[in-house]
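Peer 1:
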Amino acid sequence: MQSQGKGRLYVVGTGPGSPDLLTLRAKKALEDSDYIIGHQRYVKLIEDIKTDAEIITSTMGREVERVKLAFELSKENIVSLISGGDPGIYGMSGLVSEFLYEGEEAEVEFVPGISAFSIANGILGSPISNDFAVVSLSDLLLPWEEIKKRLECALLGDFVIAIYNPSSRKRRGRFDEAVEIINKYRDGCFVGIVKNASREGEEHIICKCEELERYSEFVDMSTVLIVGNSKTKFNGKIMFTPRGYKI
Ligand code: SAH
């Protein structure tokens, strides 16, 4: 990932929202940058960071252009391309890697961030304390049939499952379909729904999988779900999956 120029490209995870959940390394990268490029939503999350960088905002669906620009500017400048949560989880690291794989030259550093599942897990208790899977319900880049198959395999394997991109105005039907599949395998199991984790308007609900249907309107693109497995417990206060120490 070496380049000839003096520039550098940081792919920076901004974490789930709250500025104190940004890593020190991410903060330093942003402070050192000449340019910060990102989706307007994530740029807003880092507006309190003191930096002389020029901020370039972009919108959803313009990811390829954004990455091209980041590579271009990083030939001679320090550039931070920002991505919500962890850039390696449904974020910009994948696309940057595609460019590198195809031969783009740049000095790149991936700076991880706290992902939604991690903050949601702590809000609920500790439902993820064993093996778990992460499934995104977004079918923008992947056929829906493939997503359903992955979800079904994770359910079959009794993995605790973090569900990303659960619903949007356009895709509400997909969420309802996923709930039907979940209920085939997790009847009687607990699920945590966390909205706006560490952001304004943070809320969470813990219920049984068979009650999920009722929250179809509540679940949106700022929500992550953690579907507990056959061992996950909830006593009205804490949702967790025992590892076998005491329970
Ligand atoms: N790279 C991000 C995920 C990007 S995909 C990460 O590591 O977290 C976007 C999805 O992540 C959203 O639809 C939602 O499901 C989840 N998400 C991201 N931030 C969240 C937050 N603060 N609260 C709840 N869900 C969040």
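243 is the number that my numbering gives the last residue of the sequence shown; the numbers go up by one with no jumps.
Built from N, CA and C at the ideal position, the CB exists for glycine as well.
Here the structure is a predicted model, which is why all the values come from computation and not from measurement.
Taking the continuous alpha helix (DSSP H) assigned at residue 68, which residues delimit it?
Peer 2: 59 to 69
Peer 1: If you reduce the DSSP assignment to three classes, tell me which class residue 56 lands in.
Peer 2: Three-state DSSP puts residue 56 in coil, outside helix and strand.
Peer 1: Classify residue -2: buried if its beta carbon has 16 or more other beta carbons within 10 angstroms, exposed otherwise.
Peer 2: Interpretation of residue -2 is limited by its pLDDT of 48, a score under 50 that renders its predicted location unreliable; no figure is taken from the coordinates.
Peer 1: Which residues in the same chain have their Cβ closer than 7 Å to the Cβ of residue 186, if we skip the five residues on either side of it in sequence?
Peer 2: 202, 204, 224, 228, 230, 235
Peer 1: What are the uninterrupted segments assigned as alpha helix (DSSP H) that are 4 or more residues long and contained completely in the stretch 156 to 219, given in chain order?
Peer 2: 168 to 181
Peer 1: Alpha carbon to alpha carbon, how far is residue 178 from residue 51?
Peer 2: Roughly 42 Å separates the two Cα atoms.
Peer 1: Opposite residue 267 in the DSSP bridges: which residues?
Peer 2: Here the chain covers residues -3 to 243 and nothing more, so residue 267 does not appear.
Peer 1: Kindly indicate the opening and closing residues of the alpha helix (DSSP H) around residue 142.
Peer 2: 140 to 152
Peer 1: From the DSSP output, in three-state form, read off residue -1 for me.
Peer 2: Low local confidence applies: a pLDDT of 48 at residue -1 is under 50, so the model's placement there is unreliable, and no value is given.
Peer 1: Would you say the beta carbon of residue 79 comes nearer than 7 Å to a heavy atom of the ligand SAH?
Peer 2: yes
Peer 1: Taking three-plus beta-carbon pairs below 8 Å as touching, is the stretch 1 to 13 in contact with the stretch 63 to 70?
Peer 2: yes
Peer 1: Does the beta carbon of residue 215 fall short of 7 Å from some heavy atom of the ligand SAH?
Peer 2: no
Peer 1: Which partner residues of residue 128 appear in the DSSP bridge assignment?
Peer 2: 156, per the DSSP bridge assignment.
Peer 1: So, does the stretch 165 to 175 touch the stretch 116 to 123, judging by three or more C-beta pairs under 8 Å?
Peer 2: no
Peer 1: When every heavy atom of the ligand SAH is checked, does at least one fall within less than 7 Å of the C-beta of residue 117?
Peer 2: no
Peer 1: Tell me the rounded alpha-carbon separation between residue 103 and residue 129.
Peer 2: 32 Å
Peer 1: Measure the beta-carbon distance from residue 26 to residue 53 and round it to whole angstroms, keeping in mind my assumption that it falls under 8 Å.
Peer 2: 14 Å between Cβ atoms; not a contact.
Peer 1: Report yes if the C-beta of residue 131 is less than 7 Å from at least one heavy atom of the ligand SAH; otherwise report no.
Peer 2: False, no ligand heavy atom lies under 7 Å from that Cβ.
Peer 1: With a Cβ-Cβ cutoff of 8 Å, do residue 77 and residue 62 count as a contact?
Peer 2: yes
Peer 1: For residue 147, tell me which candidate among 45, 182, 36 has the shortest Cα-Cα distance.
Peer 2: 182
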